[in-house]
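Enquirer: Under UniProt numbering, the first residue of the sequence shown is numbered 1, with each subsequent residue one higher. Using N, Cα and C, we set each Cβ at its ideal position, and we do this for glycine too. The structure's right below; bear with me while I get my questions together.
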Amino acid sequence: FLAQVVLAWEVPLGPCAMALRRLAATVVRDCPPPPRRLGLTQQRVSRLSPPLALGPLRRPQHTLLGLDAQGQPRRCSGAGEGGGAEASRALSREDLEPKVFAVVEVTSDSPGILASLLKVFSDAGINITHIESRFKSFAGDGPAFFIDFEGKADSDFVRQVLKDVKSIRGVSRVTVMPPREVPWFPLNVRDLDLTIDTLDGGTALINEDHPGFSDMAYRKRREDIVRLAKQFRHGDRIPRIEYFDKEVETWRAVYERLQECHERWACREFLEMMPQMERYCGYAPGNVPQLADISEFLQQRTGFTLRPISGLLSARDFLNALAFRVFYSTQYIRHHGNPFYTPEPDICHELIGHVPLFANPAFADFSQEIGLASLAASDEDINRLAAVYWFTVEFGLLREGEDVKAFGAGILSSFGEMEWSCAAQPSSTCREMGSMAGLEKPSIVPLEPLVASKQAYPITTYQPLYFCADSLQGAKAKIEQFCDTLMRPFFPQYDPLTQNIRVTKAVRRAPRVSTVELQAAKQQDYFEKQQQAAED
1 FLAQVVLAWE VPLGPCAMAL RRLAATVVRD CPPPPRRLGL TQQRVSRLSP
51 PLALGPLRRP QHTLLGLDAQ GQPRRCSGAG EGGGAEASRA LSREDLEPKV
101 FAVVEVTSDS PGILASLLKV FSDAGINITH IESRFKSFAG DGPAFFIDFE
151 GKADSDFVRQ VLKDVKSIRG VSRVTVMPPR EVPWFPLNVR DLDLTIDTLD
201 GGTALINEDH PGFSDMAYRK RREDIVRLAK QFRHGDRIPR IEYFDKEVET
251 WRAVYERLQE CHERWACREF LEMMPQMERY CGYAPGNVPQ LADISEFLQQ
301 RTGFTLRPIS GLLSARDFLN ALAFRVFYST QYIRHHGNPF YTPEPDICHE
351 LIGHVPLFAN PAFADFSQEI GLASLAASDE DINRLAAVYW FTVEFGLLRE
401 GEDVKAFGAG ILSSFGEMEW SCAAQPSSTC REMGSMAGLE KPSIVPLEPL
451 VASKQAYPIT TYQPLYFCAD SLQGAKAKIE QFCDTLMRPF FPQYDPLTQN
501 IRVTKAVRRA PRVSTVELQA AKQQDYFEKQ QQAAED
């Protein structure tokens, strides 16, 4: 009852109420959903109705994707080409909270000057968001304090406060610096509407070596599903897809084959969540689950949500979304002609490989940690974070006793790579299937994110090298330590109540531009250099 009351408050909360609300949120996260089983027919509509919920739940869109009387794909209401985007922009934060960046230089014989400096800000009621000290290069010079605080540099009040700082004995100079310019990053979850450019436009990956290249019906189907993803804006209901019989049979083949492998090689946390996915999200061999149902379930468990996307994103845009506990997922499925192969992520990879572990708090937390570290990061650090993501979230292993188990989605969604990475002795068929005939088994080393961040990796074969953590909690701790080593322009703070990013320093976002081709080229150049270095 306490949790229900606290979570229903819509007025500003004091410290005590905020503590109660956080407690209530913890209760909600740790409470299992109600004992209610979803039907497994293609036409079913789920309504997860837990006794407690983090705010009002969005009900899934009931319209299924098919063709209307004119043969055109139906689309979800409210997700128009322009209206949704304009509404999203109107409600998003347009700029950063105003902050001032000042450098205060002091003489060398000024003991206790920091206390005097802080007192000026305290007496003025100004909140300092970041402060650090640096010594100058010349012997005998005193330190300089780099201070970021809330306010506007051109206000008379701030000018007077800085004059008071300058009057402190031992202060030699006070300089107001311009905000640091950083790469564009989303400030609010609605800003993700601006980051939906994909590397392939959703359909360009269907080239001559794609199983569906010559299947015009498959290509048209992909275009219809991709169109809905492109129209989606934050706040819209996730489109529900009515999957065709061939698509359901493809899902069935993949699901049943992977189930057998999961029993032997999936990590304990994954196996614990799969019954929940089957019970509350409609996971079953004969039913392709709907993103709307899964997103609702995850939000109640860990605060993560799903967002439909039309194809591959740049590393920066993909990682940025994790900072808001948002995971991009495709809704199209691989070609039925070869259900056990896909050259790009599809709904089988997303829902079977990734999604179950997003219901695990430790996994959700370290995924968000990578996302927060990516905000306004340099291109080099984006590539390093992408490599760490690859060797953990995509292809990570965990130690369970004497065995190694899979927790990476790229492994969990591939029966061949599960055997290759986890079996004591992979079969010759497995090695040949993964283009690893020349290797008896892969190398498995302890997880060291710093090492992983510099490690090149193949994307068209099995991995020759895997990093293995002792536990998900251990992986989370190491990821946090690694992120602390990055030269971050600021330390972002995520507010789950408003879904805003709070920035601790005075920064200015560079204009948002489409960097898809540039980012792809830089990533390609980066890994070519890494490969060359490894060969040398």
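1) Count the CB pairs spanning the stretch 366-373 and the stretch 279-290 that are closer than 8 Å, and state whether there are at least three.
2) Take G353 as the anchor and find which of G396, G337, F135, E380 has the nearest alpha-carbon.
3) For chain B, check one thing: does any of its Cβ atoms lie closer than 8 Å to the Cβ of R307?
4) Give me the residue from K441, C422, M436, I382 with the minimum Cα distance to G401.
5) Bridge partners of K405, per DSSP?
6) Does DSSP classify D484 as helix, strand or coil?
7) What three-state label does DSSP hand D236 in the structure shown?
8) How many angstroms separate the CA atom of A359 from the CA atom of P339?
9) Just curious, the beta strand (DSSP E) that P143 is in, first and last residue?
10) Pull up the distance between the alpha-carbon of Y218 and that of H336, whole angstroms please.
11) Hey, how far is the Cα of Q455 from the Cα of A387?
12) Contact check, R307 vs F415 under 8 Å by CB: the rounded distance?
13) Please check the pair C430 and V445, which I expect to be a contact at CB under 8 Å, by giving their CB distance rounded to whole angstroms.
14) Starting from F121, trace the alpha helix (DSSP H) both ways and give me its first and last residue.
15) Where does A350 land, buried or exposed, given buried means 16+ other C-beta within 10 angstroms?
16) Alpha carbon to alpha carbon, how far is N320 from F407? Give it in angstroms, no decimals.
17) Taking L194 and A102 to be in contact with their CB atoms under 8 Å, please state how far apart those CB atoms are, rounded to whole angstroms.
18) Quick one: measure Cβ to Cβ for P496 and V503, integer angstroms, because I've assumed they're closer than 8 Å.
19) What span of residues does the alpha helix (DSSP H) with V248 cover, start to end?
20) Let me know if M216 comes out buried or exposed under the rule of 16 or more other beta-carbons within 10 Å of its beta-carbon.
21) Per DSSP, what are the beta-bridge partners of Y328 in this structure?
22) Looking only at C-alpha atoms, which of D156, I168, E417 sits nearest to S435?
23) Using a Cβ-Cβ cut-off of 6 Å (strictly less than) and excluding sequence neighbours within five positions of Q299, which residues of its own chain qualify?
24) For V174, which residues in the same chain have their Cβ closer than 7 Å to its Cβ, ignoring the five residues on either side in sequence?
Expert: The short version:
1) no
2) Here residue 353 refers to the residue found at position 353 of the sequence shown. With distances taken between Cα atoms, G353 lies closest to G396.
3) As a matter of chain content, chain B is missing from the structure shown, which is built from one protein chain.
4) Your numbering for residue 401 matches position 401 in the sequence shown. Measuring from the Cα of G401, the nearest candidate turns out to be C422.
5) Taking the first residue of the sequence shown as position 1, residue 405 is located at position 405. Bridge partners of K405: L398.
6) By 1-based counting over the sequence shown, the position of residue 484 is 484. DSSP places D484 in helix when its eight states are reduced to three.
7) Reading the sequence shown from its first residue, position 236 is the one you call residue 236. Note: D236 maps to coil in three-state DSSP.
8) Residue numbering aside, residue 359 sits at position 359 when the sequence shown is read from its first letter. Residue numbering aside, residue 339 sits at position 339 when the sequence shown is read from its first letter. So the alpha carbons of these two residues sit roughly 26 Å apart.
9) Walking along the sequence shown from the start, residue 143 turns up at place 143. Here the beta strand (DSSP E) through P143 covers 143-150.
10) In the sequence shown, residue 218 corresponds to position 218, counting from 1. In the sequence shown, residue 336 corresponds to position 336, counting from 1. Computed Cα separation, rounded: 9 Å.
11) Reading the sequence shown from its first residue, position 455 is the one you call residue 455. Reading the sequence shown from its first residue, position 387 is the one you call residue 387. Roughly 7 Å between the two C-alpha positions.
12) The residue given as residue 307 occupies position 307 in the sequence shown. The residue given as residue 415 occupies position 415 in the sequence shown. That belief does not hold up - the Cβ atoms of R307 and F415 are roughly 28 Å apart, past 8 Å.
13) As a first step, residue 430 must be located in the sequence shown, where it is residue number 430. As a first step, residue 445 must be located in the sequence shown, where it is residue number 445. Contact doesn't hold; Cβ gap of about 21 Å is too wide.
14) Sequence index remark: in the sequence shown, residue 121 carries index 121 (1-based). That run of the alpha helix (DSSP H) goes 113-124.
15) Taking the sequence shown and counting its residues from 1, the one referred to as residue 350 is at position 350. Strictly speaking, residue 350 in this sequence is Glu, with Ala absent from that position. Buried, by the Cβ-count rule.
16) Working through the sequence shown from its first residue, we reach residue 407 at position 407. Working through the sequence shown from its first residue, we reach residue 320 at position 320. Rounded to whole angstroms, F407 to N320 spans 22 Å at the Cα level.
17) Locating residue 194 in the sequence shown gives position 194, counting from the first residue. Locating residue 102 in the sequence shown gives position 102, counting from the first residue. No, L194 and A102 are not in contact; Cβ-Cβ is about 32 Å, not under 8 Å.
18) Here residue 496 corresponds to residue number 496 of the sequence shown, with the count starting at 1. Here residue 503 corresponds to residue number 503 of the sequence shown, with the count starting at 1. That pair is no contact at about 16 Å.
19) Residue numbering aside, residue 248 sits at position 248 when the sequence shown is read from its first letter. Start and end: 245-265.
20) The sequence position of residue 216 within the sequence shown is 216, counting from 1. The residue is exposed, with fewer than 16 neighbouring Cβ atoms inside 10 Å.
21) Translated into the one-based positions of the sequence shown, residue 328 becomes position 328. In the DSSP output, where bridge partners are listed per residue, Y328 has R307.
22) Taking the sequence shown and counting its residues from 1, one reaches residue 435 at position 435. Of the candidates D156, I168, E417, the one whose C-alpha sits nearest the C-alpha of S435 is E417.
23) If you number the sequence shown from 1, residue 299 lands on position 299. For Q299, where only same-chain residues beyond five positions count, the Cβ hits under 6 Å are T305.
24) Numbered from 1 along the sequence shown, position 174 holds the residue referred to as residue 174. A102, V104, L162, V165, K166.
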